[in-house]
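Going line by line, the protein sequences match chains U and V. If you use the working numbering, the first sequence corresponds to residues 1 to 180, in order. If you use the working numbering, the second sequence corresponds to residues 181 to 507, in order.
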Amino acid sequence: MKGVIFNYLAEMAEEVFGLEAWDAILEKTGNSGIYISADTYPDQELMDLVAAAHEISGIPVDDLVKAFGEYMFPRFLNENPQFFADDMTLKSFLLTVDRVIHVEVRKLHPGAQLPEFEYKDEHDNELTMYYTSPRKLCRVAEGLIAGAAKHFDTDYTLDHPECMHKGAKACTLHLTMKPK
Amino acid sequence: METTVLERALAREKARRLRAEELLETKSRELYLSYEKLRDSHYKLEQASRTLQEKHQQFMDKQDQFLMLNSLHDSVTHDLRLAASLQEQILPDPAQFGDIDARGLSKPAMYVAGDIFDFFLISDEVMAFYIADVTGHGAAAAMVSYSIHKQLNPRKGGICVRQFESSGSFSQAVESTVFSLNNDYAGLTGENHYFTFIYGLLNHKTGEICFCQAGHPAPLHWSHNQNSLQEVGSGGVPMGMFEDIEYASYEFTLEKGDSVFLYSDGITECFSPDNEEYGKKRLSDVITNTKNEELSTTLRAVDKDITNWNHSSVFNDDVSIFGIKRH
Numbered sequence: 001m002k003g004v005i006f007n008y009l010a011e012m013a014e015e016v017f018g019l020e021a022w023d024a025i026l027e028k029t030g031n032s033g034i035y036i037s038a039d040t041y042p043d044q045e046l047m048d049l050v051a052a053a054h055e056i057s058g059i060p061v062d063d064l065v066k067a068f069g070e071y072m073f074p075r076f077l078n079e080n081p082q083f084f085a086d087d088m089t090l091k092s093f094l095l096t097v098d099r100v101i102h103v104e105v106r107k108l109h110p111g112a113q114l115p116e117f118e119y120k121d122e123h124d125n126e127l128t129m130y131y132t133s134p135r136k137l138c139r140v141a142e143g144l145i146a147g148a149a150k151h152f153d154t155d156y157t158l159d160h161p162e163c164m165h166k167g168a169k170a171c172t173l174h175l176t177m178k179p180k
Numbered sequence: 181m182e183t184t185v186l187e188r189a190l191a192r193e194k195a196r197r198l199r200a201e202e203l204l205e206t207k208s209r210e211l212y213l214s215y216e217k218l219r220d221s222h223y224k225l226e227q228a229s230r231t232l233q234e235k236h237q238q239f240m241d242k243q244d245q246f247l248m249l250n251s252l253h254d255s256v257t258h259d260l261r262l263a264a265s266l267q268e269q270i271l272p273d274p275a276q277f278g279d280i281d282a283r284g285l286s287k288p289a290m291y292v293a294g295d296i297f298d299f300f301l302i303s304d305e306v307m308a309f310y311i312a313d314v315t316g317h318g319a320a321a322a323m324v325s326y327s328i329h330k331q332l333n334p335r336k337g338g339i340c341v342r343q344f345e346s347s348g349s350f351s352q353a354v355e356s357t358v359f360s361l362n363n364d365y366a367g368l369t370g371e372n373h374y375f376t377f378i379y380g381l382l383n384h385k386t387g388e389i390c391f392c393q394a395g396h397p398a399p400l401h402w403s404h405n406q407n408s409l410q411e412v413g414s415g416g417v418p419m420g421m422f423e424d425i426e427y428a429s430y431e432f433t434l435e436k437g438d439s440v441f442l443y444s445d446g447i448t449e450c451f452s453p454d455n456e457e458y459g460k461k462r463l464s465d466v467i468t469n470t471k472n473e474e475l476s477t478t479l480r481a482v483d484k485d486i487t488n489w490n491h492s493s494v495f496n497d498d499v500s501i502f503g504i505k506r507h
């Protein structure tokens, strides 16, 4: 996992829970807390940090992970404005994630292990995304979608009927956008 | 908040910055090395591009040269075709003088030939004849052969007429003509003016023949009375090599039913695709097998046989033959 993700997590923890809580999380996990954005760190380290945050805050892990995804989105937007065209909608943006954004990310960070998305796009206000990743961080994806919806000022509902955590080969994320 | 928490956060931040600076330095070095490699590649690419441009220019120059040569080739080919047409016109038509028939066959290796032959009357009773094979073939050889033709042409005051009129005998006339012609060419420099040659006179009423041989294949004489084909002559030095050479003459009589054939080595030295020489024997067989036929039949038979042997109507050397037959 790239250090930039750890740094986002540290920022969020400091903002939401405070510096003392983040210090306690680090102490609990024994992690150094020193992360460089472009470096790569073990996935398990992130999982340990989330688990410790859950223990200290009492917030369920799924909610924490989703909140983390939502927290990351505006930062991602701020650092990569080139991926956001003026005429984009939530749906058209989500369709670029696998075909454009991840392609560019792989150029910047060779060897980056990114989740893969397949799409079913049959109706104007609906989109089904099939998420696969060995990390099974589908809640992060949900959080990122929530962050994107906020950016595009779009109300939506999301169903997650099939999940890799429940043995499915891919997570099905079905979005229904509400017209304004 | 405990001071230690802040201190630890600051220490983490400091360590992170140090690590980031180290990483930045490493990445900068890597970036610089990549830049150098890129610069080298760019330089090589520029060199390759220049080389390619030079090659392209060379190719264009070659193409221009090729087009020019092609144009020249077309022009030369056109000229050679015209020359071939003219050369064909100076070859003699079949002729009959008394009970003598004469006719020939000519096949140039290129458009024009270094071979030439002719026969013509130089008095009421006397027919002159000659055959020449100039070194090489093509335009240079054809120019020499045309020059020979012009010097011997009776309508242009050729030397054969002058020598005949000033000589007391056939042998003197023949020998002095060949002597004079040889000296005309022996004085020239270069290599393309050598030629083998036979020049002779024939009294078409008596059949008396006298000729000089200058390195040319010996004539083949079909004797009706002896029922045999024999070579007459024994070689001699080709024309144009040395000055003041005395050429000996040979005499025999062409009896009724006899014939004589003069030919160039393009016939006997024609090679089959299996690299086998046609040879004198095959030519002799064709002549013998058609001994009772008209000259035209014999020459057609030679043409067919040599073309079959060559497996093509395009020959590597000029092919010439002409015959004289007494009825």
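Using N, Cα and C, we set each Cβ at its ideal position, and we do this for glycine too. It should be emphasised that the depicted structure is a prediction, and the values quoted were computed from it without experimental measurement.
_Neighbouring residues, chain V, relative to E36/U (Cβ below 8 Å)_ = This sequence places Ile at residue 36/U; Glu is not what is there. Simply R196, R199, A200, L203.
_With three or more beta-carbon pairs closer than 8 Å as the criterion, would you say the segment 386-394 of chain V touches the segment 354-361 of chain V?_
yes
*Taking 8 Å as the CB-CB cut-off, is R209/V touching chain U?*
no
*Of the residues A398/V, N496/V, D483/V, the one placed nearest S286/V, counting alpha carbons only*: D483/V
*State the DSSP-derived secondary structure class of M419/V, mapped to helix, strand or coil.*
strand
*At which residues does the alpha helix (DSSP H) containing M164/U begin and terminate?*
No residue range can be given for M164/U, since it is assigned to no alpha helix (DSSP H) and is classified by DSSP as neither H nor E.
_Local conformation of G380/V per DSSP, three classes_ = strand
_Can you tell me which residues form a DSSP beta bridge with V97/U?_
Assignment of beta-bridge partners to V97/U by DSSP yields no partner.
*Quick one: grab the DSSP three-state call for V306/V.*
strand
_Within-8 Å CB hit, E11/U to chain V_ = Answer no: the Cβ-Cβ gap between E11/U and chain V never drops below 8 Å.
_Check whether G147/U and M72/U have beta carbons under 8 Å apart_ = yes
*Could you check which residue in A170/U, N125/U, A13/U has the C-alpha nearest to that of T157/U?*
N125/U
*Using 10 angstroms around the beta-carbon of K194/V, count the other beta-carbons present and answer buried if the total reaches 16, otherwise exposed.*
exposed
*Beta-carbon neighbours of L108/U, restricted to chain V and to distances below 8 Å*: By Cβ distance, chain V contributes nothing, its closest Cβ being about 13 Å from L108/U, past 8 Å.
*asked:* DSSP three-state label for Q113/U, please.
replied: coil
*Give the interface partners of R188/V over in chain U, defined as CB-CB distance under 7 Å, in chain order.*
D23
*asked:* To the nearest angstrom, how far is the alpha carbon of G143/U from that of A51/U?
replied: 17 Å
*Would you identify the three-state DSSP class for C340/V, choosing helix, strand or coil?*
If DSSP states are grouped into helix, strand and coil, C340/V belongs with the helices.
_With 16 other Cβ atoms within 10 Å as the buried cut-off, status of D63/U_ = exposed
_Contacting residues, own chain, Cβ-Cβ under 6 Å from H329/V (five flanking each side not counted)_ = I270, I296
*Could you give the distance in angstroms between the alpha-carbon of E435/V and the alpha-carbon of N490/V?*
Each residue's alpha carbon lies about 34 Å from the other.
*Are the C-beta atoms of G147/U and some chain V residue less than 8 Å apart?*
With 8 Å as the cut-off, G147/U does not count as an interface residue toward chain V.
*asked:* I'd like to know if G33/U contacts chain V, where contact means its C-beta is closer than 8 Å to some C-beta of that chain.
replied: yes
*Just tell me which of S327/V, E345/V, V314/V has its CA closest to the CA of A308/V.*
E345/V
*Listing by chain order, which chain V residues have their CB less than 8 Å from the CB of L19/U?*
Close to L19/U, with beta-carbon spacing below 8 Å, are these residues of chain V in chain order: M181, V185, L186, A189.
*Give a yes or no on contact between the segment 450-462 of chain V and the segment 415-425 of chain V, applying the rule of three or more CB pairs nearer than 8 Å.*
Inter-segment contact for the segment 450-462 of chain V and the segment 415-425 of chain V is absent: fewer than three beta-carbon pairs are separated by less than 8 Å.
_Three-way DSSP call (helix, strand, coil) for Q410/V in this model_ = strand
*Is the shortest distance between the beta-carbon of D48/U and the beta-carbons of chain V less than 8 Å?*
Closer than 8 Å: no.
*Taking the beta strand (DSSP E) that C390/V falls in, what are its first and last residues?*
Element bounds for C390/V: 388-394.
*Given a threshold of 16 other Cβ atoms within 10 Å of its Cβ, counted over all protein chains shown, does R209/V qualify as buried or as exposed?*
Exposed.
*Enumerated in chain order, which unbroken segments of the alpha helix (DSSP H) with a length of 4 residues or greater are wholly contained in the segment 263-337 of chain V?*
319-332
*For L127/U, name the three-state secondary structure that DSSP assigns.*
It is a strand residue.
*Expected contact under 8 Å - CB spacing of F432/V and L381/V to nearest Å*: Contact between F432/V and L381/V is absent: CB atoms are separated by about 12 Å, not below the 8 Å threshold.
*Would I5/U pass as a contact of L49/U if the rule is Cβ separation under 8 Å?*
no
*Compute the Euclidean distance between the alpha carbons of G318/V and G337/V, then round it to the nearest angstrom.*
27 Å
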